[in-house]
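2 protein chains.
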Amino acid sequence: MSKHRVTLKDIAAQLGVTPTTVSKALKDYPDIGKETKQKVKELAKALNYQPDSHALALKNKKTNTVGVIIPEIAHFFFAKVIKGMMSHLEENGYRLLITLSGENTEQEIKQVNLLFNNKVDGLLVSLANETQNTDHFKQFTDYSIPLVMFDKVDEWFPCKKVLIHDKKGAFTATNHLIERGCKRIAHIRGPKYPLNAIQRHEGYMNALATANMDYNPDLVKQCEAVTFEEGYAFTKELLTMDQPPDGIFAVTDQVAVGALQAAKDLNVEVPEALKIVGFSDSQVGQIVKPALTTIHQPGYEIGATAAQLLIEEIELKSKGAEHITESTQIILDTYLIQREST
Amino acid sequence: MSKHRVTLKDIAAQLGVTPTTVSKALKDYPDIGKETKQKVKELAKALNYQPDSHALALKNKKTNTVGVIIPEIAHFFFAKVIKGMMSHLEENGYRLLITLSGENTEQEIKQVNLLFNNKVDGLLVSLANETQNTDHFKQFTDYSIPLVMFDKVDEWFPCKKVLIHDKKGAFTATNHLIERGCKRIAHIRGPKYPLNAIQRHEGYMNALATANMDYNPDLVKQCEAVTFEEGYAFTKELLTMDQPPDGIFAVTDQVAVGALQAAKDLNVEVPEALKIVGFSDSQVGQIVKPALTTIHQPGYEIGATAAQLLIEEIELKSKGAEHITESTQIILDTYLIQREST
DNA sequence: GCAAGACACTTAATCGTTTTCGTGTTGTTG
DNA sequence: CAACAACACGAAAACGATTAAGTGTCTTGC
Numbered sequence: 003m004s005k006h007r008v009t010l011k012d013i014a015a016q017l018g019v020t021p022t023t024v025s026k027a028l029k030d031y032p033d034i035g036k037e038t039k040q041k042v043k044e045l046a047k048a049l050n051y052q053p054d055s056h057a058l059a060l061k062n063k064k065t066n067t068v069g070v071i072i073p074e075i076a077h078f079f080f081a082k083v084i085k086g087m088m089s090h091l092e093e094n095g096y097r098l099l100i101t102l103s104g105e106n107t108e109q110e111i112k113q114v115n116l117l118f119n120n121k122v123d124g125l126l127v128s129l130a131n132e133t134q135n136t137d138h139f140k141q142f143t144d145y146s147i148p149l150v151m152f153d154k155v156d157e158w159f160p161c162k163k164v165l166i167h168d169k170k171g172a173f174t175a176t177n178h179l180i181e182r183g184c185k186r187i188a189h190i191r192g193p194k195y196p197l198n199a200i201q202r203h204e205g206y207m208n209a210l211a212t213a214n215m216d217y218n219p220d221l222v223k224q225c226e227a228v229t230f231e232e233g234y235a236f237t238k239e240l241l242t243m244d245q246p247p248d249g250i251f252a253v254t255d256q257v258a259v260g261a262l263q264a265a266k267d268l269n270v271e272v273p274e275a276l277k278i279v280g281f282s283d284s285q286v287g288q289i290v291k292p293a294l295t296t297i298h299q300p301g302y303e304i305g306a307t308a309a310q311l312l313i314e315e316i317e318l319k320s321k322g323a324e325h326i327t328e329s330t331q332i333i334l335d336t337y338l339i340q341r342e343s344t
Numbered sequence: 003m004s005k006h007r008v009t010l011k012d013i014a015a016q017l018g019v020t021p022t023t024v025s026k027a028l029k030d031y032p033d034i035g036k037e038t039k040q041k042v043k044e045l046a047k048a049l050n051y052q053p054d055s056h057a058l059a060l061k062n063k064k065t066n067t068v069g070v071i072i073p074e075i076a077h078f079f080f081a082k083v084i085k086g087m088m089s090h091l092e093e094n095g096y097r098l099l100i101t102l103s104g105e106n107t108e109q110e111i112k113q114v115n116l117l118f119n120n121k122v123d124g125l126l127v128s129l130a131n132e133t134q135n136t137d138h139f140k141q142f143t144d145y146s147i148p149l150v151m152f153d154k155v156d157e158w159f160p161c162k163k164v165l166i167h168d169k170k171g172a173f174t175a176t177n178h179l180i181e182r183g184c185k186r187i188a189h190i191r192g193p194k195y196p197l198n199a200i201q202r203h204e205g206y207m208n209a210l211a212t213a214n215m216d217y218n219p220d221l222v223k224q225c226e227a228v229t230f231e232e233g234y235a236f237t238k239e240l241l242t243m244d245q246p247p248d249g250i251f252a253v254t255d256q257v258a259v260g261a262l263q264a265a266k267d268l269n270v271e272v273p274e275a276l277k278i279v280g281f282s283d284s285q286v287g288q289i290v291k292p293a294l295t296t297i298h299q300p301g302y303e304i305g306a307t308a309a310q311l312l313i314e315e316i317e318l319k320s321k322g323a324e325h326i327t328e329s330t331q332i333i334l335d336t337y338l339i340q341r342e343s344t
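These protein sequence lines map, in sequence, to chains Z and C.
So for the first sequence, our numbering puts the first residue at 3; every next one is plus one.
So for the second sequence, our numbering puts the first residue at 3; every next one is plus one.
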């Protein structure tokens, strides 16, 4: 019973012309008569004709789809990134195919292949924490399909990148603790490999060094999964040391909120006895009591910028410019949001 | 410089046969010789041949893509739903094209058309709060493309639906407040139209009625945007009434957390002087102090179930079964999670 | 020794669209 | 009135894959 989609053929048949004519009429070719164009356009509108996107993809080798791989979607930050991308892509007539790596390299590889096979016009990626080797992305550069990395990137991969200045943000956060009078500052860091965990750790160290404070490895804890629970557990550990810290810089707000909770449970007053700074400016930080001081990480802008760079590359490439990938890094600003936890 | 994708033609040329033979060999047609099959398969593997998904879509009228429209992605609940869908879809070889309505009907219409035009094999929808008229989804039933609604559905639309029992959940929540000794229970409800806001309100009323308590319209506030801020503002209003409520059932956790904050700012002790129940079991509820009592809404399962129903319909349809849409409703269970706020 | 089958492949049409290269009809010009 | 534009449209190939319907060649049976 179901109708079938209206094609050029259908319009052509009803008008007694050929599909060629219809196609040309709709695209305002100069060799189609005024009247015919009129009639074709009217009928096309009336039948709500829409060209078949897969036929177009096949013919034009252009899908108007870009893929994105993110580690996780149930994170406020990535949700914001996606929104930023979508708004920018939609404006330019692109669809977004979202896939998840689940912080898992194997899954990441699967998704890269899927998107490659799906002939996306470009790819946006934030690497899984686990990922060390980025060879699976080489197929994109091999086939000169534009690729932009954001947030968690591989420094050495030849493509454009959109980042925040993690080191600087971490420096600001740690320095804020120092300015607020902290003398023993702990850092609950992210996993070993992702660049941003490394750089936040470095920012932490730099701030200490700049203030002539000693770096004490015992005050640095390393998360695996970067969760509330880890923040909670590490903070309990830290606070039951002989000389507990009076400040904690946590790698994310999730972890910081875990720290906050641990402090509460141990009756350590925040911010009096312990000051805590998070990173990311996720929603929880505003809601939690005391409200969390944090570093604002502009998710929406990161997404929008990455999408913009990607589209530029795509359009440049389709204009036939011999595609030379410059490995530009765009670094977006972060800033401190001071709340009650410091 | 960029390579081009390997096609059947390429393989055929290298082996001195026709594309037809290659295609058949790869699909183990009986009329291709054993040796040829061997050679074809080996070369295909070596060249990492992948069939062009758009060519397939064109030929088979099957895209292996399903679309989803959700109001918002930066909500924990919807993020969970998406994850549930993805896991189920991926297992069955489908891709998921995610679009956002932003709780805006106009945008919703745009996305429906986009997905229709993109020839998705099926559609998953949660309606925008604003949406009253669902005619824009008729094109899917007209062309017998499977459609499943979830969470925010149109009762009357002829399709399968995956829901929670909002009325029952709200009843449980309100009843819990009654059992905990509340005598004046307020409700901060959702907007006017979405079914779940209506039903939660009804559940609230039913619980009151069952307990022989009066329904007092002054104790019911209606959100527009369903935000923390609204929860905060309405609760301030409620608590400064001559006879303030001693219990609040909020339509979502976001709103409930706003209520919690308002109570704190007015020095109203929770749960002693005011008990609060939310709805959804979002992350914030666990983190906030006092931790929020709430109704668990199984996002992941909703997504997974909706995806499963959709796939069943798609496969049934492609098996040629004359597609008769039964408007089944699948209702998933909710349950109360009691925490410190009651 | 010759028809009938089995075997192993190829031809051609198809999906919906685009685009190059015709082709037939007008109208203008010398 | 022959020659030639200008005009308005059609035929055909192409994108990559699938599949029904051929087409040769070699066995086999009687």
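Ideal Cβ placement from N, Cα and C applies to all residues, glycine included.
Asked, Found
"Relative to the C-alpha of I339/Z, which candidate in T296/Z, K121/Z, A306/Z and Y195/Z has its C-alpha closest?", "T296/Z"
"Going along the chain, which residues of its own chain have a beta-carbon closer than 7 Å to the beta-carbon of A213/Z, five neighbours each way excluded?", "I180"
"Which parts of the stretch 26 to 54 of chain Z are runs of the alpha helix (DSSP H), unbroken and 4 residues or longer, counting only runs that do not cross its ends?", "36 to 48"
"When the Cα of V70/Z is compared with those of F139/Z, G192/Z and V19/Z, which residue comes out closest?", "F139/Z"
"To test your reading of the DSSP string, which unbroken alpha helix (DSSP H) runs of 4 or more residues are found completely within the stretch 202 to 275 of chain Z?", "230 to 241 and 255 to 267"
"When burial is assigned at 16 or more other CB atoms within 10 Å of the CB, is A211/C buried or exposed?", "exposed"
"Which residues in chain Z have a C-beta closer than 8 Å to the C-beta of N120/C? List them in chain order.", "S55 and R97"
"Are the CB atoms of R186/C and P247/C within a distance shorter than 8 Å?", "yes"
"DSSP on I147/C, reduced to helix/strand/coil?", "coil"
"With DSSP as the reference, label I75/C as helix, strand or coil.", "coil"
"Please report whether the beta-carbon of A59/Z lies at a distance below 8 Å from any beta-carbon of chain C.", "yes"
"Is it true that the CB of V42/Z sits closer than 8 Å to the CB of D123/Z?", "no"
"Tell me the start and end of each unbroken beta strand (DSSP E) in the stretch 157 to 207 of chain Z that is at least 3 residues and wholly inside, in chain order.", "162 to 166 and 187 to 191"
"Kindly indicate which residue of A227/C, Q245/C, D244/C and E274/C has the alpha-carbon position closest to the one of G260/C.", "A227/C"
"I want to know whether the stretch 98 to 110 of chain C touches the stretch 92 to 107 of chain Z - three or more CB-CB distances under 8 Å.", "yes"
"When the Cα atoms are used, what is the spatial distance from R191/Z to Q201/C?", "45 Å"
"Would you tell me roughly how many angstroms separate the C-alpha atoms of Q141/C and W158/C, rounded to the nearest one?", "16 Å"
"For the ligand MN, is there any heavy atom lying closer than 7 Å to the beta carbon of I111/Z?", "With respect to the ligand MN, the structure offers nothing, as it holds no ligand at all."
"List the endpoints of the continuous alpha helix (DSSP H) containing V286/Z.", "V286 to I289"
"Please report the distance separating the alpha-carbon of M207/Z from that of C184/Z.", "15 Å"
"Taking the C-alpha atoms as reference points, what is the distance between V150/Z and L312/Z?", "6 Å"
"Pull out every residue of the stretch 157 to 177 of chain Z whose Cβ sits closer than 8 Å to any Cβ of chain C, in chain order.", "none"
"Does T136/C get closer than 8 Å to chain Z when you measure Cβ to Cβ?", "no"
"Kindly identify the DSSP beta-bridge partner or partners of R97/C.", "T67/C"
"Am I right that F281/Z and V253/Z are in contact with their C-beta atoms under 8 Å? What's the rounded C-beta distance?", "6 Å"
"I need the boundaries of the alpha helix (DSSP H) containing K112/Z, first residue and last residue.", "T107 to N119"
"Specify the secondary structure class of K5/Z as computed by DSSP and reduced to three states.", "coil"
"So, with DSSP's three-state summary, where would you put T136/C?", "coil"
"Using a Cβ-Cβ cut-off of 8 Å, state whether T254/Z counts as contacting chain C.", "no"
"So L129/C packs on V155/C, CB below 8 Å; how close in whole Å?", "7 Å"
"Output needed for E231/Z: all residues of its chain with C-beta closer than 7 Å, excluding positions within five of it in sequence on either side, in chain order.", "G260"
"Contact between the stretch 272 to 287 of chain C and the stretch 283 to 298 of chain Z: three or more CB pairs below 8 Å?", "yes"
"Which residues in chain C sit within 8 Å of I289/Z, going by Cβ to Cβ distance?", "F230, V259, Q263, V286, I289 and V290"
"If you follow the beta strand (DSSP E) that G124/C is in, where does it begin and where does it stop?", "G124 to V127"
"Who are the near neighbours of G205/Z in its chain, counting only those whose CB is closer than 6 Å to its CB and skipping five residues on each side?", "K169, A172 and F173"
"Would you say F78/C lies against chain Z (beta-carbon separation less than 8 Å)?", "yes"
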